[in-house]
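Read the structure below first, then the notes.
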Amino acid sequence: MKVGFKVWIEDDKGDQLVGEGLEQLLQAVAETGSINKAAARLHMSYRTAWARIKKAEKRLGRLLVSKQIGGTRGGGSRLTKEGYRLLRNYKKFHGAAEREIKKLFQEYFPNPSQSQN
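Here is the structure:
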(Lines of atoms letter the chains of each structure in order from A and count residues from 1; the text may use other names and numbers.)
(Lines give C-alpha, C1' and ligand atoms only; values in the text may rest on other atoms or scores of the structure.)
Protein backbone atom coordinates (compact mmCIF):
# COMPACT_ATOMS: atom_id res chain seq x y z
CA MET A 1 0.00 0.00 0.00
CA LYS A 2 1.22 3.49 -0.78
CA VAL A 3 -0.16 6.99 -0.67
CA GLY A 4 -1.04 8.99 -3.78
CA PHE A 5 -1.81 12.68 -4.01
CA LYS A 6 -2.07 15.68 -6.32
CA VAL A 7 -1.05 19.20 -5.40
CA TRP A 8 -2.18 22.39 -7.09
CA ILE A 9 -2.45 26.05 -6.19
CA GLU A 10 -5.75 27.92 -6.51
CA ASP A 11 -6.76 31.55 -6.34
CA ASP A 12 -9.28 32.80 -3.79
CA LYS A 13 -12.15 31.86 -6.13
CA GLY A 14 -11.01 28.25 -6.38
CA ASP A 15 -9.64 28.53 -9.93
CA GLN A 16 -6.48 26.49 -10.45
CA LEU A 17 -3.37 28.59 -11.01
CA VAL A 18 -0.59 26.01 -11.04
CA GLY A 19 -0.61 22.23 -11.03
CA GLU A 20 1.31 19.26 -12.34
CA GLY A 21 0.10 19.82 -15.92
CA LEU A 22 1.44 23.37 -16.12
CA GLU A 23 4.63 22.25 -14.36
CA GLN A 24 5.19 19.58 -17.02
CA LEU A 25 4.44 22.01 -19.84
CA LEU A 26 6.80 24.70 -18.54
CA GLN A 27 9.51 22.10 -17.95
CA ALA A 28 9.11 20.82 -21.51
CA VAL A 29 9.31 24.36 -22.93
CA ALA A 30 12.47 24.98 -20.89
CA GLU A 31 14.05 21.76 -22.16
CA THR A 32 13.04 21.99 -25.81
CA GLY A 33 13.05 25.75 -26.40
CA SER A 34 9.76 25.37 -28.25
CA ILE A 35 6.08 25.33 -27.36
CA ASN A 36 5.47 23.11 -30.40
CA LYS A 37 8.08 20.54 -29.31
CA ALA A 38 6.89 20.73 -25.71
CA ALA A 39 3.32 20.08 -26.84
CA ALA A 40 4.40 17.10 -28.95
CA ARG A 41 6.38 15.66 -26.04
CA LEU A 42 3.27 15.90 -23.85
CA HIS A 43 0.96 14.52 -26.57
CA MET A 44 -1.12 17.67 -26.91
CA SER A 45 -1.72 20.11 -29.71
CA TYR A 46 0.22 23.33 -30.00
CA ARG A 47 -3.04 25.21 -29.63
CA THR A 48 -3.85 23.45 -26.33
CA ALA A 49 -0.35 24.11 -24.96
CA TRP A 50 -0.46 27.76 -25.99
CA ALA A 51 -3.93 28.19 -24.47
CA ARG A 52 -2.80 26.65 -21.15
CA ILE A 53 0.17 28.97 -20.97
CA LYS A 54 -1.92 32.04 -21.83
CA LYS A 55 -4.61 31.07 -19.29
CA ALA A 56 -1.98 30.67 -16.56
CA GLU A 57 -0.35 33.98 -17.48
CA LYS A 58 -3.70 35.76 -17.32
CA ARG A 59 -4.63 34.26 -13.95
CA LEU A 60 -1.19 34.89 -12.46
CA GLY A 61 -0.84 38.34 -14.00
CA ARG A 62 2.69 37.66 -15.29
CA LEU A 63 4.42 36.52 -18.45
CA LEU A 64 5.74 32.95 -18.15
CA VAL A 65 6.95 32.24 -21.69
CA SER A 66 8.47 34.54 -24.30
CA LYS A 67 8.35 33.73 -28.01
CA GLN A 68 10.86 34.66 -30.68
CA ILE A 69 9.51 34.65 -34.21
CA GLY A 70 11.61 33.09 -36.99
CA GLY A 71 14.58 34.98 -38.37
CA THR A 72 17.94 33.60 -39.48
CA ARG A 73 18.41 31.59 -36.28
CA GLY A 74 14.83 30.37 -36.27
CA GLY A 75 12.12 31.00 -33.75
CA GLY A 76 11.55 29.48 -30.40
CA SER A 77 10.22 29.96 -26.92
CA ARG A 78 11.79 30.19 -23.52
CA LEU A 79 10.67 30.70 -19.99
CA THR A 80 10.86 34.20 -18.59
CA LYS A 81 12.46 34.80 -15.19
CA GLU A 82 8.96 34.61 -13.73
CA GLY A 83 8.35 31.34 -15.56
CA TYR A 84 11.56 29.82 -14.18
CA ARG A 85 10.77 31.12 -10.69
CA LEU A 86 7.27 29.64 -10.78
CA LEU A 87 8.56 26.29 -12.05
CA ARG A 88 11.33 26.14 -9.43
CA ASN A 89 9.07 27.15 -6.53
CA TYR A 90 6.27 24.77 -7.52
CA LYS A 91 8.75 21.88 -7.75
CA LYS A 92 10.15 22.71 -4.31
CA PHE A 93 6.65 23.06 -2.86
CA HIS A 94 5.51 19.79 -4.44
CA GLY A 95 8.59 17.96 -3.17
CA ALA A 96 8.10 19.28 0.37
CA ALA A 97 4.41 18.30 0.28
CA GLU A 98 5.33 14.81 -0.95
CA ARG A 99 7.83 14.30 1.87
CA GLU A 100 5.33 15.44 4.52
CA ILE A 101 2.51 13.32 3.12
CA LYS A 102 4.74 10.22 3.07
CA LYS A 103 5.81 10.94 6.65
CA LEU A 104 2.18 11.28 7.77
CA PHE A 105 1.25 8.11 5.89
CA GLN A 106 3.95 6.19 7.77
CA GLU A 107 2.72 7.67 11.06
CA TYR A 108 -0.93 6.71 10.53
CA PHE A 109 -0.33 3.48 8.61
CA PRO A 110 2.94 2.14 10.07
CA ASN A 111 2.44 -1.42 8.83
CA PRO A 112 0.16 -1.17 5.79
CA SER A 113 0.32 -4.89 5.02
CA GLN A 114 -1.57 -5.69 8.22
CA SER A 115 -5.12 -4.51 8.64
CA GLN A 116 -5.73 -2.34 11.70
CA ASN A 117 -8.98 -1.69 13.54
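In terms of the working numbering, the sequence shown is numbered consecutively and its last residue is 527.
A virtual CB, placed ideally from N, CA and C, is assigned to each residue, including glycine.
Predicted model, so just to flag it, every value in this text is computed and none were measured.
Would you report the Cα separation of L514 and V417, rounded to the nearest angstrom? 16 Å
Residue range of the beta strand (DSSP E) that G486 falls in? G486 to L489
Could you give the first and the last residue of the continuous alpha helix (DSSP H) run that contains L436? E430 to T442
CA-to-CA distance, F503 to D422, given in whole angstroms: 19 Å
Buried or exposed for G485, going by 16 or more other Cβ atoms inside 10 Å? exposed
CA-CA distance, K491 and V475? 9 Å
Can you find at least 3 beta carbon pairs, one from the segment 462-470 and one from the segment 506-513, that sit closer than 8 Å? no
Alpha carbon of L427 to alpha carbon of G414, nearest angstrom: 21 Å
Straight-line CA distance for L544 to P520? An answer regarding residue 544 cannot be provided, because it is not within the stretch 411 to 527 covered by the chain.
Identify which residue in E420, E430 and K412 has its Cα closest to the Cα of R498. E430
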